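Here the structure comes first, spelled out in structure tokens, and everything after it is commentary.
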Amino acid sequence: MKKMIAAAVLAAMPFTAAQADPDAGCGLGSMIFAGKTGLTFKVLAATTNGSSGNQTFGMSFGTLGCDGKGTVSSREKISMFIDNNLDNLARDMSRGEGESLDTLAALWGMDSAEKAQLSTLAKNNFGQVFSSESVTAQDVVNNLNALMADDQALSQYTLS
1 MKKMIAAAVL AAMPFTAAQA DPDAGCGLGS MIFAGKTGLT FKVLAATTNG
51 SSGNQTFGMS FGTLGCDGKG TVSSREKISM FIDNNLDNLA RDMSRGEGES
101 LDTLAALWGM DSAEKAQLST LAKNNFGQVF SSESVTAQDV VNNLNALMAD
151 DQALSQYTLS
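Residue 1 is where the sequence shown starts when you use the UniProt record's numbering, and the numbers rise one by one after that.
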């Protein structure tokens, strides 16, 4: 039933005119709770965006209020993406390729050559990035950031 409601909402909403919520980000939750005010609706929108797995789709195809062209420059937004995609990102980094790793590079504003460099760096240093089984998103950000700071091509993307 929930899938049918979500499909109906997706089919009925305009995909090009939407704007991402500055707090909750883009995604299905921001579309469903558009125009609502208050902390409760912000939390519901962010939770729906993060748990339904539709932000990557929205960023990739410019739907659900996402344009996919912005640059993430804050540690918090990178951490949020990594936290929401930790398992997929670990798999992709271990292989040196994949949608989550590509999306992370795109969020960081990297071009094709830099994405390839990040993929190689992540694969070659996987044990440093994912330093333990209980690694947190913040640990991954810190570890990846340290590796990027030492890489000539990627040092410009180091988060402060």
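Just so you know, even glycine gets a beta-carbon here, dropped at the ideal spot from N, CA and C. All of these numbers come straight from a predicted model, not from anything done at the bench.
One question on the structure: do residue 99 and residue 119 come within less than 7 angstroms of each other, judged by their Cβ atoms?
Contact: no.
Consult DSSP for residue 126 and reduce its assignment to one of helix, strand or coil.
helix
Go to residue 29, then tell me how far its alpha helix (DSSP H) extends in each direction, as first and last residue.
28–32
Taking the alpha helix (DSSP H) that residue 154 falls in, what are its first and last residues?
Per DSSP, residue 154 belongs to no alpha helix (DSSP H) and is neither H nor E.
Could you spell out the range, first to last residue, of the alpha helix (DSSP H) harbouring residue 100?
99–107
Limits of the unbroken alpha helix (DSSP H) element including residue 84:
75–84
Check each candidate in 145, 86 and 29 and name the one with the smallest Cα separation from residue 44.
The shortest Cα separation from residue 44 among 145, 86 and 29 belongs to 29.
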